[in-house]
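The structure under discussion appears below in the form of structure tokens.
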Amino acid sequence: MITLETRLDGVVGSGAKALDKAFGLRTVGDLLRHYPRRMAERGELTDLAALRLDEDVTVLAEVKSVRTAGQPGRGHTSQRLVVTVGDGNGTLDLVFFGRRNLWRAKDLVAGMRGVFSGKVGEFRGRRQLAHPDYILLRGDGSSNAADPDRVLDRLEADDYAGKLIPVYPATKDVRPWMIGNAIRHVLAVLDPQPDPVPDEVRLRRGLLDFDTALRAMHEPDSQQQWRDARQRLAWDEALGVQLALAQRRAASARNPATARPPHAAGMAAAFDARLPFELTAGQQDIGAVISAELAREHPMHRLLQGEVGSGKTVVALRAMLQVVDAGGQAALLAPTEVLAQQHARSIELMLGPLARAGQLGAPDGAATRVALLTGSMPTPARKAALLDAASGAAGIVIGTHALIQEHVSFADLGLVVVDEQHRFGVEQRDALRNKASRPPHLLVMTATPIPRTVAMTVFGDLETSTLAELPAGRQPIATTVVPVIERPGWLDRGWQRIREEVEHGHQAYVVCPRIGDGTDSGADRAADGAAPEVESDLDSDLAPAYDDSTPEDTGASVARPSYDVISTAEMLRTGALAGLRLATLHGRLPTDEKEHAMIDFAARRIDVLVSTTVIEVGVDVPNAVVMVVLDADRFGISQLHQLRGRVGRGDRAGICLLVTSAGVGSPARERLDAVAATNDGFELARLDVEQRREGDVLGVAQSGARSTLRLLSLRRDEELITAAREEASELAAGDPDLTRHPLLARQVAELVAAEQAEYLEKA
Numbered sequence: 012m013i014t015l016e017t018r019l020d021g022v023v024g025s026g027a028k029a030l031d032k033a034f035g036l037r038t039v040g041d042l043l044r045h046y047p048r049r050m051a052e053r054g055e056l057t058d059l060a061a062l063r064l065d066e067d068v069t070v071l072a073e074v075k076s077v078r079t080a081g082q083p084g085r086g087h088t089s090q091r092l093v094v095t096v097g098d099g100n101g102t103l104d105l106v107f108f109g110r111r112n113l114w115r116a117k118d119l120v121a122g123m124r125g126v127f128s129g130k131v132g133e134f135r136g137r138r139q140l141a142h143p144d145y146i147l148l149r150g151d152g153s154s155n156a157a158d159p160d161r162v163l164d165r166l167e168a169d170d171y172a173g174k175l176i177p178v179y180p181a182t183k184d185v186r187p188w189m190i191g192n193a194i195r196h197v198l199a200v201l202d203p204q205p206d207p208v209p210d211e212v213r214l215r216r217g218l219l220d221f222d223t224a225l226r227a228m229h230e231p232d233s234q235q236q237w238r239d240a241r242q243r244l245a246w247d248e249a250l251g252v253q254l255a256l257a258q259r260r261a262a263s264a265r266n267p268a269t270a271r272p273p274h275a276a277g278m279a280a281a282f283d284a285r286l287p288f289e290l291t292a293g294q295q296d297i298g299a300v301i302s303a304e305l306a307r308e309h310p311m312h313r314l315l316q317g318e319v320g321s322g323k324t325v326v327a328l329r330a331m332l333q334v335v336d337a338g339g340q341a342a343l344l345a346p347t348e349v350l351a352q353q354h355a356r357s358i359e360l361m362l363g364p365l366a367r368a369g370q371l372g373a374p375d376g377a378a379t380r381v382a383l384l385t386g387s388m389p390t391p392a393r394k395a396a397l398l399d400a401a402s403g404a405a406g407i408v409i410g411t412h413a414l415i416q417e418h419v420s421f422a423d424l425g426l427v428v429v430d431e432q433h434r435f436g437v438e439q440r441d442a443l444r445n446k447a448s449r450p451p452h453l454l455v456m457t458a459t460p461i462p463r464t465v466a467m468t469v470f471g472d473l474e475t476s477t478l479a480e481l482p483a484g485r486q487p488i489a490t491t492v493v494p495v496i497e498r499p500g501w502l503d504r505g506w507q508r509i510r511e512e513v514e515h516g517h518q519a520y521v522v523c524p525r526i527g528d529g530t531d532s533g534a535d536r537a538a539d540g541a542a543p544e545v546e547s548d549l550d551s552d553l554a555p556a557y558d559d560s561t562p563e564d565t566g567a568s569v570a571r572p573s574y575d576v577i578s579t580a581e582m583l584r585t586g587a588l589a590g591l592r593l594a595t596l597h598g599r600l601p602t603d604e605k606e607h608a609m610i611d612f613a614a615r616r617i618d619v620l621v622s623t624t625v626i627e628v629g630v631d632v633p634n635a636v637v638m639v640v641l642d643a644d645r646f647g648i649s650q651l652h653q654l655r656g657r658v659g660r661g662d663r664a665g666i667c668l669l670v671t672s673a674g675v676g677s678p679a680r681e682r683l684d685a686v687a688a689t690n691d692g693f694e695l696a697r698l699d700v701e702q703r704r705e706g707d708v709l710g711v712a713q714s715g716a717r718s719t720l721r722l723l724s725l726r727r728d729e730e731l732i733t734a735a736r737e738e739a740s741e742l743a744a745g746d747p748d749l750t751r752h753p754l755l756a757r758q759v760a761e762l763v764a765a766e767q768a769e770y771l772e773k774a
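Numbering (the working numbering), first residue to last: 12 to 774.
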């Protein structure tokens, strides 16, 4: 009997070793879950002389010439193989980009004939197919085909042209047709597979049965049947994730926690009374929800998201004070020293005498201490902070990764607040929670808005609250792209604008992607543009750079040296901003220098702060109205939105200039244009999801697990994820361990591997 658990080597023979080496495919199920990216619609064979742009075509032609173009030293994407084919009526170029495709020259030699399928494009006046699918023909007098399975005779060509052909992910050693042959053989001998999804769920949601869907995913009768099959199998993935999260939510609800009810005459009430402003309706509503959850005997797990400047810190502080009033402690974990110091200063300022327990002027019985703990603090200050945390004298402890070190202890940790959660690894967040004697309440905050689909998956075990309303007085921010190649004079005008604002008593930021002075390394480059993980109190040397295609193909910018803080500050001091008071700020400065720079900037003793992204979050200087981001194309969408949120925080509208060398039409330029077009963080978050790899969004890269989510898309499957969440909640409520649904339980285990489930639980 052949099932999904059957080993491939017993079914496909010697080819199993290559499939295992290339893709880790060891079982029949592994192979059948190696889904095609799409189904190619071959259509009728087309005359080369009749080709039209943007049309999907299939042509029968002979290879006329083969050449390699591009420069070997300019990266993986610059080289390409150009194959010119003809049919007696016209010629056409077949273009394969990247060094990894140069092997195709062994197949596509002059004189070979084949059937080539793809979308017609044009480059420099010549029609071309980029990365076409193809099969070579027998009987052409040539024996140079690298794989005999990739040839067919002329009579088969018309039949081939009319079929739906699966396009599989492949490598240079395991070609698409080798995968297709193996899958066809497996499907021919595979026994009918039982359906893990209960019939009532499948019928209610209008889904194909599992066996039909699995086969139609590879051998559909029509494009519609393939879409239906894909929908069913994506549903299985969504249901697997949502069941795992539903089980974890249920388990969390059963865990004991120390209730932290509000005290009518405690510090929280005193804090509210001394607030110089009125809380927004959103802050009040979410505060009430958090207060009620803290009072329960089960741990709160809540995600608080909101626009830059929406007042999340005040909401978190009120929650921390409620816990302190109830005899516990709160720890606030921040990603950088600058942000931790900023939090400590602002919280102490907001609390006033409430933060001076044991000092003159503190109210009797209604005060605490705020302790700051970072990795590079002087030893005496560090020891004092450790003692305050361990003894309970500090009700609020704020710190960086230093908080999670083994020798840090708390008297009674009741609430963990994680600020800018995406900047921490899973283990780091969990290590802080483990310092509590009982499971603590958890509040995760982010100023990077999260699309609903991400909230239901990556953060599916957290309840989500959103602060959409900005406090009164927040000013708009005008964002402009400054293309230095097309408009070199615009940057000069940007420096002039900074001078004008300084003359009117305002301040400015200049943000660079690197620190400079020989300290930078290209190792920090990230092709997907996501913000790099911060593993210490030091900010990254080099902002992530997007690996666009070459200028010749897409209009993207040529690889170039990027701006750095040290040389940029010197250039501005002696040039465009000579005479102004400049200072630098980056993660490699000593702690006291960083703190002095921020204090001096906040006190208006500095006109222009030249910085890395260390000022990305939490920095609040209302008098700063201009930000210039140099090499803005090296930053991600969410990061740029966060950065510009540092201006427009006072009584004057903010100005943000995104300086770039990226060419018109390049992906990098499109990202910057999108950021400039809107201040809506949620709209930008949706765009960010569309442009990022699915596995990154789902947390696979961070967890280290190989993605088992092959079809589920956060970009297009919101309705499906919502429906799966509803069904999962109902199933888990009636059968938490899925004992009555063993096939579904096994599917959940396969779809959500142990490492990935652990990530989802801790995220």
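Here a beta-carbon is modelled for each residue, glycine too, at the ideal position from N, C-alpha and C.
Treat the numbers as computed from the prediction; the structure is a model and nothing was measured.
* Helix, strand or coil for L398, going by three-state DSSP, please let me know. => helix
* Asked: Thinking C-alpha only, which one of D104, K28, V670 is nearest C776?
  -> In this structure the chain extends from 12 to 774, so residue 776 is not present and cannot be described.
* Asked: By the 10 Å Cβ neighbour count, where 16 or more other Cβ atoms means buried, how is H45 classified, buried or exposed?
  -> buried
* From V106, M189, V120, T79, pick the residue whose C-alpha is nearest to that of L30; which is it? -> M189
* **CA-to-CA distance, G598 to S357, given in whole angstroms** => 20 angstroms
* To do: For the beta strand (DSSP E) holding H452, just list the boundary residues, first then last.
  => 452-457
* Assuming A342 contacts A351 (C-beta within less than 8 angstroms), just tell me the rounded distance between them. => Actually they are not in contact, since the Cβ atoms of A342 and A351 sit about 11 angstroms apart, beyond 8 angstroms.
* Asked: Can you tell me the Cα-Cα spacing of T624 and S302, whole angstroms?
  -> 34 angstroms
* C-alpha gap between I775 and N634, whole angstroms -> Examination of residue 775 is not possible in this model, given that the chain is present from 12 through 774 alone.
* Three-state secondary structure (DSSP) at P753? -> helix
* For M311, which three-state DSSP category applies? -> coil
* Asked: Is V427 closer than 8 angstroms to R444 when the C-beta atoms are compared?
  -> yes
* CA-to-CA distance, I176 to L290, given in whole angstroms -> 60 angstroms
* Which of the three DSSP states, helix, strand or coil, is assigned to K28? -> helix
* Segment contact, 8 angstroms Cβ cut-off, at least three pairs: the region 724-740 with the region 673-682 -> no
* L201, enclosing alpha helix (DSSP H) - first and last residue -> L201 -> no alpha helix (DSSP H), and no H or E assigned at all.
* Asked: Whose C-beta lies closer than 6 angstroms to the C-beta of I409 among residues of the same chain, with five residues either side of it excluded?
  -> L343, A351, H354, A355, L383
* Asked: Nearest to T411 by CA position, among R393, G505, G425, is which residue?
  -> R393
* Span of the beta strand (DSSP E) around P177 -> 175-178
* **Local Cβ density within 10 Å of V658, reported as buried at 16 or more and exposed below that** => buried
* Contacts around R584, its chain only, beta-carbon distance under 7 angstroms, and the 5 residues preceding and following it disregarded -> L593
* For the candidate residues L668, S321, I407, whose alpha-carbon lies nearest to that of E359? -> I407
* Asked: From V630, L620, V632, pick the residue whose C-alpha is nearest to that of V640; which is it?
  -> L620
* Asked: Less than 8 angstroms separating the beta-carbons of L42 and V197?
  -> yes
* From what residue to what residue does the beta strand (DSSP E) around T14 run? -> T14 -> no beta strand (DSSP E), and no H or E assigned at all.
* Sequence-distant residues of its chain with Cβ nearer than 6 angstroms to E514 (five each side left out) -> none
* **Proximal residues to R137 (C-beta, below 7 angstroms), its chain only, five neighbours per side dropped** => D104
* To do: Work out the CA separation of F127 and G152 for me, nearest whole Å.
  => Here G152 scores only 40 on pLDDT, less than 50, and its place in the model should not be relied on; the value that follows carries that caveat. Whole-angstrom Cα-Cα distance: 19 angstroms.
* Asked: So, using beta-carbon positions, are T102 and L140 closer together than 8 angstroms?
  -> no
* Would you call the CB atoms of S333 and R271 closer than 8 angstroms? -> Note that residue 333 corresponds to Gln in the displayed sequence, not to Ser. Against a cut-off of 8 angstroms, the Cβ pair of R271 and Q333 comes out as a contact.
* Asked: Using 8 angstroms as the threshold, is the region 735-750 in touch with the region 251-268, meaning 3 or more CB pairs across them?
  -> yes
* Alpha carbon to alpha carbon, how far is Q518 from K605? -> 18 angstroms
* Asked: Residues in its own chain within less than 8 angstroms of G233 by CB, not counting five upstream and five downstream?
  -> The identity of residue 233 in the sequence shown is Ser, whereas the question assumes Gly. Closer than 8 angstroms at Cβ, skipping near neighbours: L175.
* Could you tell me whether the region 306-315 touches the region 364-376, where touching means 3 or more Cβ pairs closer than 8 angstroms? => no
* Report, in whole angstroms, the separation of the C-beta atoms of R525 and S573, which I expect to be a contact under 8 angstroms. => 6 angstroms
* To do: Could you tell me which of P231, A224, G191, R259 sits nearest to Q242, measuring between CA atoms?
  => A224
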